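Note that the numbering used here has the sequence shown beginning at 3, numbered continuously upward.
Heads up, the beta-carbon is just placed ideally off N, CA and C, and yes, glycines get one too.
Since we're looking at a predicted model, the values are computed, not measured.
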Amino acid sequence: MTKQREQMKVKRTSKQVGLYNPENEHDACGVGMVVNIRGNKSHELVDSALKVLENMRHRGAEGADGKTGDGAGIMLQIPHEFILLQGIPVPEKGHYGTGLVFLPKDAARQQEILSIMIEEIEREGLNLMHLRNVPTNPDCLGESARSVEPDIKQVFVTGVSDDKDPILERILYRTRKRIEKRVVDPDFYVVSLSSKSIIYKGMLSSMQVRAYFPDLSNNYFTSGLALVHSRFSTN
3 MTKQREQMKV
13 KRTSKQVGLY
23 NPENEHDACG
33 VGMVVNIRGN
43 KSHELVDSAL
53 KVLENMRHRG
63 AEGADGKTGD
73 GAGIMLQIPH
83 EFILLQGIPV
93 PEKGHYGTGL
103 VFLPKDAARQ
113 QEILSIMIEE
123 IEREGLNLMH
133 LRNVPTNPDC
143 LGESARSVEP
153 DIKQVFVTGV
163 SDDKDPILER
173 ILYRTRKRIE
183 KRVVDPDFYV
193 VSLSSKSIIY
203 KGMLSSMQVR
213 AYFPDLSNNY
223 FTSGLALVHS
233 RFSTN
């Protein structure tokens, strides 16, 4: 009788119950977070978050060559001191926006996109103060990822007035959406644009994020929180 009851129980839970439907069961992406509860920023926290990501290799898909990832990345607080050490004269923390953008490698297409970005940024009374070439290591990529690798730039948006400081994040979001609506190039993508956080990601495996972006290994690249993600595309 006990065995029969167990079989009946399994049978009942394999059917739809309320909002639960077993047909919706599937594997999921890998997500992890590391936070300093006191808000202190350090490179050790960045390193720990990357280790979390690397330990989630089983949660992300890869190509047969083991070098083509389905997508992975990390979100961090903007590393203000690291930016200053790159020789970029940004204003005080929170008074500027920055983020990574993917651009086509063709110079003419890239310039057309940048012209649109400048127009939309200036529409808000802001300036595209600087464009930084983000260091990358394509040698770690698989053939498929390398064939579609974009040109990656870091943009710096400044010129916000004191009265608009409290709504800078909203302004940057609005600017990003206008740019995305106008640019139709398939090789263009705004990874992030914010006064608080920055995202490094790509068509990478969880093991490649650290290697592909040397910025993340710099001791002056610090953060008090980090969110990592390894993509599983069947979701």
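Sequence-distant residues of the same chain with beta carbon closer than 8 Å to I115, five excluded per side: In the sequence shown, residue 115 corresponds to position 113, counting from 1. Answer for I115: L105, P106, V185, D187, F190, listed in chain order.
When I200, E151, S207, V150 are compared against D72, the one with the closest alpha-carbon: For this step, residue 72 is matched to residue 70 along the sequence shown. That would be S207, whose Cα lies nearest to the Cα of D72.
Residue from R180, V150, N23, L47 whose Cα sits closest to the Cα of D108: Here the question's residue 108 lines up with position 106 in the sequence shown. The option with the nearest alpha carbon to D108 is V150.
Determine the extent of the alpha helix (DSSP H) in which S199 is found, giving its start and end residues. The sequence position of residue 199 within the sequence shown is 197, counting from 1. Counting along the chain, S199 falls outside any alpha helix (DSSP H), though it belongs to the beta strand (DSSP E) covering 199 to 204.
Compare the C-alpha of V103 against each of E182, S197, N23 and name the closest. If you number the sequence shown from 1, residue 103 lands on position 101. When each option's Cα is compared against that of V103, the closest is E182.
Just to confirm before moving on: does the CB-CB distance between I80 and S219 stay below 9 Å? Position 78 of the sequence shown holds residue 80. Position 217 of the sequence shown holds residue 219. Not a contact, by the Cβ cut-off of 9 Å.
Can you name, in chain order, every residue of its own chain whose Cβ lies under 6 Å from the Cβ of D153, other than the five neighbours on each side? Locating residue 153 in the sequence shown gives position 151, counting from the first residue. Around D153: L105, K107.
Determine the burial state of L21: buried for a count of at least 16 other Cβ atoms within 10 Å of its Cβ, exposed for fewer. Here residue 21 corresponds to residue number 19 of the sequence shown, with the count starting at 1. When all chains shown are included, L21 counts as exposed.
Per-residue burial, S44 [other beta carbons within 10 Å of its own, 16 or more giving buried]: Locating residue 44 in the sequence shown gives position 42, counting from the first residue. Looking at its Cβ environment, which holds fewer than 16 other Cβ atoms inside 10 Å, S44 is exposed.
When F223, I39, I76 are compared against K243, the one with the closest alpha-carbon: Nothing can be reported for residue 243, as the shown portion of the chain is limited to 3 through 237.
Do M131 and D92 count as a contact pair if the criterion is CB distance below 9 Å? Translated into the one-based positions of the sequence shown, residue 92 becomes position 90. Translated into the one-based positions of the sequence shown, residue 131 becomes position 129. Correcting the residue type first, residue 92 is Val in the shown sequence and not Asp. Contact: yes.
With distances taken between CB atoms, is the gap from S232 to R59 smaller than 9 Å? Working through the sequence shown from its first residue, we reach residue 232 at position 230. Working through the sequence shown from its first residue, we reach residue 59 at position 57. In contact: S232 and R59 (Cβ atoms closer than 9 Å).
Under the rule that 16 or more other beta-carbon atoms within 10 Å means buried, what is K203, buried or exposed? Along the sequence shown, read from residue 1 onward, the residue named residue 203 stands at position 201. Buried, by the Cβ-count rule.
Look at the Cβ atom of V230, then the Cβ atom of A51, and state whether they are nearer than 9 Å. Start at 1 with the first residue of the sequence shown, and residue 230 comes out as number 228. Start at 1 with the first residue of the sequence shown, and residue 51 comes out as number 49. Yes; because the gap between Cβ atoms is below 9 Å, this pair is in contact.
So, with DSSP's three-state summary, where would you put R212? Along the sequence shown, one-based indexing puts residue 212 at 210. In the structure shown, R212 sits in a helix (DSSP, three-state: H, G or I).
Since N129 and T160 are thought to touch, with beta carbons under 8 Å apart, how far apart are those beta carbons, to the nearest angstrom? The residue labelled residue 129 in the question sits at position 127 within the sequence shown. The residue labelled residue 160 in the question sits at position 158 within the sequence shown. The Cβ separation is near 5 Å, so the contact holds.
Would S194 pass as a contact of L170 if the rule is Cβ separation under 9 Å? Locating residue 194 in the sequence shown gives position 192, where the first residue counts as 1. Locating residue 170 in the sequence shown gives position 168, where the first residue counts as 1. For S194 and L170, no; Cβs fall outside 9 Å.
Could you spell out where the alpha helix (DSSP H) holding D49 opens and where it closes? Position 47 of the sequence shown, counted from the first residue, corresponds to residue 49. From DSSP, the alpha helix (DSSP H) with D49 extends over 45 to 56.
Straight-line CA distance for N38 to L47? As a working note, residue 38 is residue 36 in the sequence shown. As a working note, residue 47 is residue 45 in the sequence shown. Computed Cα separation, rounded: 8 Å.
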